[in-house]
Structure formats: structure tokens, C-alpha cells
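All remarks here apply to the structure that follows.
In my numbering, the protein residues as written are 4 to 471.
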């Protein structure tokens, strides 16, 4: 019989500032994947018996190693997906904080929770469920995986990670850090596989839970597979965050936050301010101020400390957003500034401003995951709230106004999971992260994050003659 040779696909690390291939990795075959899942399952049997203090010690060691190596890790972020070096350093520092948060709070959060009962005693015990499949994107190569790894490893689960195919060096480095920290083999393991193969892994009986951050299409497929096999899943599928400027807002502060907030990570942030909603009375002034800021932006080498806007993550990403902008303008929107590829090596785009965006236009309903500031003029606060809620996504949002009590009341009317007052939506270890509507479900970070993939087991101590 003729032997059939299956070609192994290549996972490439391409520097978006130069479009040069930095490194390539072979995709893992079925035998390698099988061995990884077996080992993760075996290690779970051991790790779930390890004390909370020992688990915390491991997380603290991981945090220390990341802190010591933060410049190296940040450079990998820059090389693989193009973010500014200073942004990469800030990302690693957030990761350090998350690992330390769960190391410090984990034992308290996972302690038995007593319940009031008229007879005997009862309590909830938080117990790990097994091997978790984590599928994560490229835009924050270390933060995304930290967000799922830290609480779940503290809870006693083991992790197999399928990272984005354009961030393989970051994926490999994270596994290396866990090894350096003394983690047992199989506790945290990277999978070099395709997204399609990762979705199929949800069906594997050794996988007990699955989490994904990615596109709506990928999340729908992923959740469908998890539902079919009755497994807990967690999804975060993008965002189209509203940024409401109230009549009493300090306009200069609001413009600065909106314009510069949109350029963080080259606009490739789920919680970036994507829809800027401004009263008609100040809209023209707001637009001119935003344009002046974008005209002064330094675009260039992401390793340069003076650079303010880095390249996009890939040629594909650049082509996609250029088409979204072009189509929106063809539909009648106004291109105030930018909208073009820069005439230089790499995946660089001008910071862009769009206005006069109406329902039915591409930029109205689609997420523009790039440095494009979409400004909407509204007649009053009621229209601003209605526009803010006219989105299939519900992740974050911002409200700017001097009367913070009133700003909070406006925030309560916005259909998102997070709203920041006088600040762009942000992140912190102690604050929950997640969304509503088609954004997905479940929460990461904070106290909520550690309970997503545990069995909340009721244990009751009573007597045979008890009424119940």
C-alpha cells in the first residue's frame, strides 16, 4: 500500500513592522496532541491535591520571572504583533499583577463557604474540574493567556493553550516560564495547532472546560461544540464600546482620552473606545481637536520610545480595515482624516477619523478593530444612550461628564458589562472582565474569575432523622 504523507502546516511569526518571517513552527500532529492531553490529565490528578499555599507559591514564582524578563517578553510582543515596546512592558506588568492577585487571594476565595441551615451544618466546597482548553488571540499575547491561566491553575485545573498562530514565540515563552517556575509537566502546555483543530478538541473527553477569546464566528462554533458535549465554556468575542460625551464634559479631556485611547495597541483592543458619541453643540469642535491630535501623531518603529502608533498586526488586518473604511465612505460617511496605508515598509496605517456614520453602513454595525475613530453627533442624552445600546456587542464603555453622579446614572442605562466614568475602559486584576449580548458570557479576573471552572459542591453534615 502506498504510504500517505501528510504535510505539516507551518505556524509563522511575522514581524508586522517589516513583514519578515522571524521564526516558524511545525503544527503538532495527532499523536503529539494525544500525549499532551494524556499528560495534562495525569497532572491534574496530582495538582488538584496540591495545597493552596503551594499553588500560590508557583503563581508568585511565575509572576517574579515575568517581572524579571519583562523587557524580553515585551520585545516578543512587538516582534510578533507589532505593539509599541512600552505597551508590551505595561502588558507584562499587568500579567504580573494578575498572577500575584490570585496567589494572594486564592486561598481565601477557594475556602469552604458556610451556608445557613436550621439543622446540622452545610458548606460549599470549590473543587477543580480538570483539563481546560484555552484558545486565545494575538492582540495581548501574554495578558490574554494570563487572564485564563492564573485563576484556573490556582483553582487546581490544568491548562492546554492554543494561542494565535501569529504569536507562537509568545506562546512558547509562556510555557517556558512555567517550567522555569517549577511547574510539573502537563500543568500548562502549549499546542501548536490550527483553530479548526482546537475547536474539535472541545469534544475530547479529557477536556472538561473551554474558554475562547476571538471572533463571533469562532466563538459560535466553539460554544456550539461545548454545548453539544455538555461542557462549561467561557467566551469573549470583541466589542464596539461607546464613549459618551455629556454636555457638561471637559471637552479637551474627553477628546484627548478618546483620540489617544483609540490608538492604544494600534486600536486592536476589545475595550477600545470605538464609537464616540458627542452632542451636536460641541461636535464640530470635538472633531477639529481630534483631527489636530491625529495630525501630530508619530507613526513608526514600535521599538522607538517616541513612537505613538505602531503597525497593525498583519497585512491581512491592514487590508481588512482599509476596505471597511473605503466601503463606509462609499456609503456616505465623511472621511475627516487618514484612511490610507502609509507609504513605508510594514503594516502601517494612518490614524483615521470617520463621521456622518448612519445605520446600514459598515462602520455602524461592524467592529473596526484598528486605529479608526468613529464620531457620532447626537441631539440629546436620550439619543446618545439609544445609539450606545444599538450594538450587538456589550463589553465596555465610557461616560465623560463633570457631574459624576449623573454620569453614573447614564452608565446604568448602557447595555454593557463595564462602564468607566471619565476614563476609557480599562483592566485591573481585582476588576471583573466580560460582557453581554453577542460579546459572549462568563467573567475573568477578580473574584468572579476563579469560580468559572470549579465544581461548587454542596456538603452537608446532618443526622438520619433530620427532616431534610
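Note that beta-carbon positions come from the ideal geometry of N, C-alpha and C, so glycine has one too.
- Taking a cut-off of 8 Å for Cβ pairs, the stretch 180 to 195 and the stretch 161 to 169 touch, as three or more such pairs fall below it.
- Residue 449: member of the alpha helix (DSSP H) spanning 449 to 452, first to last residue.
- Taken through DSSP and simplified to helix, strand or coil, residue 223 comes out as helix.
- Counting along the chain, residue 78 sits inside the alpha helix (DSSP H) bounded by residues 73 to 84.
- Setting aside the 5 residues that flank it on each side, residue 46 is surrounded in the same chain by 161, 187, 189, 190, each with a C-beta closer than 6 Å to its C-beta; the list follows chain order.
- Per the C-alpha coordinates, the member of 314, 371, 354 positioned closest to residue 326 is 371.
- Counted as a single uninterrupted DSSP element, the stretch harbouring residue 18 is not any alpha helix (DSSP H) but the beta strand (DSSP E) occupying residues 13 to 18.
- If only uninterrupted alpha helix (DSSP H) runs of at least 4 residues are considered, those enclosed by the stretch 162 to 198 are 171 to 183.
- With a threshold of 16 other beta carbon atoms within 10 Å, residue 166 meets it and is buried.
- Secondary structure at residue 116: strand, using DSSP grouped into helix, strand and coil.
- Along the stretch 341 to 424, the alpha helix (DSSP H) occurs as fully enclosed runs of 4 or more residues at 365 to 368, 384 to 392, 407 to 415, listed in sequence order.
- In this structure, the straight-line span from the alpha carbon of residue 148 to that of residue 120 is close to 40 Å.
- Exclusion of the five residues before and after residue 393 leaves no residue of its chain whose Cβ lies closer than 7 Å to its Cβ.
- Within its own chain, the residues whose Cβ lies closer than 7 Å to the Cβ of residue 391, once the five positions on either side in sequence are excluded, are 245, 247, 280, 400, 417, listed in chain order.
- Close CB contacts of residue 282 within its chain, under the 6 Å cut and outside five residues either way in sequence, are with 250 (chain order).
- Residue 155 counts as buried, since at least 16 other C-beta atoms from the protein chains shown sit within 10 angstroms of its C-beta.
- Look at residue 89 here: in three-state DSSP terms it is helix.
- Here DSSP, grouped into helix, strand and coil, assigns residue 44 to helix.
- Classified as buried, residue 321 has 16 or more neighbouring CB atoms from the shown chains inside 10 Å of its CB.
- Where residue 213 is concerned, the enclosing beta strand (DSSP E) starts and stops at 210 to 216.
- The Cβ atoms of residue 59 and residue 110 lie closer than 9 Å to each other.
- When 171, 141, 49, 269 are compared, the shortest CA-CA separation from residue 355 is found for 269.
- The C-alpha of residue 429 is placed about 11 Å away from the C-alpha of residue 398.
- The stretch 325 to 342 and the stretch 354 to 368 touch, with no fewer than 3 CB-CB distances between them shorter than 8 Å.
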